[in-house]
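Participant: Residue 1 is where the sequence shown starts when you use the numbering used here, and the numbers rise one by one after that. The structure is given below, and queries will be raised subsequently.
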Amino acid sequence: MVAGETSGDLLSGLLLDGLLRRWPDLQAYGIGGAMMQRRGFHALYSSERLAVHGYSFEVLLKLRDILKIRSALRSQLLQERPAVFVGVDAPDFNLGLERDLRAQGIKTVHFVCPSIWAWRPERIHKIRAAADHVLCLFPFEPALLAAQGIAATFVGHPLAQVIPEQPDKQAARQALGLAMDAPVLAVLPGSRRAEVQYIARPFLQATALLLQRLPQLQVLLPAVPALYDQLQALLSELGLSDRVQLLPGQSHTALAACDCTLIASGTATLEAALFKRPMVIGYHMHPISWRLMRRKQLQPWVGLPNILCQDFVVPELLQDRATPAALADAVQQWLTPEAAPQVAAVQDRFAALHQSLLRDTSTLAAQAIETLIYA
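Here it is as structure tokens:
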């Protein structure tokens, strides 16, 4: 298995739950993170090694290391010939590896259909060459792939199982020592180092503005372990160390506790939607990466909740529009008493979205992999 980034590690851990129920003596190895290793996964390399930000410019800076890892892993897998290879997301890394393995007779599964319906539609040809089977998180994807001759199964989104349909805000606030009667903002600037480089500063500058306007505001900042010190230093630089609660991980607790979240575009926006939280989606990347990405974009939305709802349910402030003042204004609109009807409407949309994604993901995925292995 190969999983890139924190979100891929989470998905892989849930997939391993289903595989281990079917095969208790399963041996799984490759590239992964902490969630996978807790299930006994042997990580030859950390998923952090694959974490990059942007479309091409930042990738080039790490390209030698990434290609070296992929070459070494390819050689090992071709020699050891596992029963199946599962590439979890990270399509730029995994699809090429899957193609080479499949050409040599190793069965391949790609978990998470690349977002060909949102951007880079030419990837369909790479998927067809790479994957014997695709495990899809969204219900419309298998038919799209089948039309291109690619076998696929909708397994639901595992986060829809992990996140309760009715999150307990009071319990989460108690766990974090927060006041019950004051508003709470969760700030999630991403889980990759380069994301934090581009996004964390304007997010926290917006937070500083909000704290001036709303003195009772309580602010949570979950941080993955690799980025904790970086965010702590930024809080100190901006004079926010005493006003922002920096959390070691605990993003789900923060989302359960908050009234609103200021959040970087990515999987975390879907998590926030499943927690039924209004949000402001922001993103910023290197200008070269931004221009390349925009040329490939097929839909007017970038945030997953808006894409899945096919509507601007929540605001998106991207690139030059993601200024501290604009971000603060957009967040403040969710926190006013007058916003109550809009908040309720968003919660209803997200509740329906949750239902559409709710399946026994780990079992369905394991069954699809078993069928492929014994075909």
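Ideal Cβ placement from N, Cα and C applies to all residues, glycine included. Keep in mind that this is a model prediction, so the values were computed, not measured.
For Leu-234, which residues in the same chain have their Cβ closer than 7 angstroms to its Cβ, ignoring the five residues on either side in sequence?
Facilitator: Start at 1 with the first residue of the sequence shown, and residue 234 comes out as number 234. Closer than 7 angstroms at Cβ, skipping near neighbours: Ala-200, Arg-201 and Leu-204.
Participant: Where does Ala-254 sit, in a helix, a strand or coil, going by DSSP?
Facilitator: Walking along the sequence shown from the start, residue 254 turns up at place 254. DSSP places Ala-254 in helix when its eight states are reduced to three.
Participant: Among Asp-329, Thr-6 and Pro-164, which one has its Cα closest to the Cα of Gln-212?
Facilitator: In the sequence shown, counting from the first residue as 1, residue 212 sits at position 212. Looking at the Cα atoms, Asp-329 is the closest of the given residues.
Participant: Considering Gly-87, what are the terminal residues of the beta strand (DSSP E) in which it resides?
Facilitator: Residue numbering aside, residue 87 sits at position 87 when the sequence shown is read from its first letter. Its beta strand (DSSP E) spans residues 85 to 88.
Participant: To the nearest angstrom, report how far apart Val-187 and Leu-317 are at their CA atoms.
Facilitator: Translated into positions along the sequence shown, residue 187 becomes position 187. Translated into positions along the sequence shown, residue 317 becomes position 317. Answer to the nearest angstrom: the Cα atoms are 15 angstroms apart.
Participant: Answer with buried or exposed for His-157, where buried requires no fewer than 16 other C-beta atoms within 10 angstroms of its C-beta.
Facilitator: Against the sequence shown, residue 157 aligns to sequence position 157. His-157 is buried by the Cβ-count criterion.
Participant: Around the C-beta of Tyr-218, are 16 or more other C-beta atoms found within 10 angstroms, so that it is buried, or is it exposed?
Facilitator: Position 218 of the sequence shown, counting from 1, holds the residue named residue 218. Checking the displayed sequence, the identity of residue 218 turns out to be Gln instead of Tyr. Buried: at least 16 other Cβ atoms inside 10 Å.
Participant: Provide the residue(s) that pair with Glu-452 in DSSP beta bridges, ordered along the chain.
Facilitator: Outside the shown range of the chain (1 to 375) lies residue 452, about which nothing can therefore be said.
Participant: Tell me whether Asp-132 is buried or exposed, calling it buried when 16 or more other Cβ atoms sit within 10 Å of its Cβ.
Facilitator: Position 132 of the sequence shown holds residue 132. Asp-132 should be labelled buried.
Participant: Output the distance between the C-alpha atoms of Phe-312 and Pro-300, rounded to the nearest integer angstrom.
Facilitator: Mapped onto the sequence shown, residue 312 falls at position 312. Mapped onto the sequence shown, residue 300 falls at position 300. For Phe-312 and Pro-300, the distance between alpha carbons rounds to 9 angstroms.
Participant: Beta-carbon within less than 6 angstroms of Ser-191's beta-carbon, same chain only, minus the 5 sequence neighbours each way: which residues are those?
Facilitator: In the sequence shown, the residue the question calls residue 191 occupies position 191. Only Thr-6 and Val-224 meet the Cβ criterion.
Participant: Compare the Cα-Cα distances from Leu-238 to each of Gln-216, Leu-262 and Ala-206 and report the closest residue.
Facilitator: Here residue 238 corresponds to residue number 238 of the sequence shown, with the count starting at 1. Closest by alpha carbon: Ala-206.
Participant: Do Leu-270 and Pro-305 have their C-beta atoms within less than 8 angstroms of each other?
Facilitator: In the sequence shown, residue 270 corresponds to position 270, counting from 1. In the sequence shown, residue 305 corresponds to position 305, counting from 1. Against a cut-off of 8 angstroms, the Cβ pair of Pro-305 and Leu-270 comes out as a contact.
Participant: Which residue's Cα is closest to the Cα of Gln-76: Ile-124, Leu-274 and Met-1?
Facilitator: Walking along the sequence shown from the start, residue 76 turns up at place 76. Of Ile-124, Leu-274 and Met-1, the residue nearest in Cα terms is Met-1.
Participant: Looking only at C-alpha atoms, which of Pro-341, Ala-72 and Leu-145 sits nearest to Tyr-45?
Facilitator: Start at 1 with the first residue of the sequence shown, and residue 45 comes out as number 45. Nearest C-alpha to Tyr-45: Ala-72.
Participant: Can you find the residues in the same chain that come closer than 7 angstroms, C-beta to C-beta, to Ala-256, ignoring five residues on each side of it along the sequence?
Facilitator: For the purposes of this step, residue 256 is taken as the residue at position 256 of the sequence shown. Cβ within range, chain order: Pro-167, Asp-168, Lys-169, Ala-172 and Phe-275.
Participant: So which of Arg-70, Leu-353 and Ala-194 has the shortest CA-CA distance to His-284?
Facilitator: Residue numbering aside, residue 284 sits at position 284 when the sequence shown is read from its first letter. Nearest C-alpha to His-284: Ala-194.
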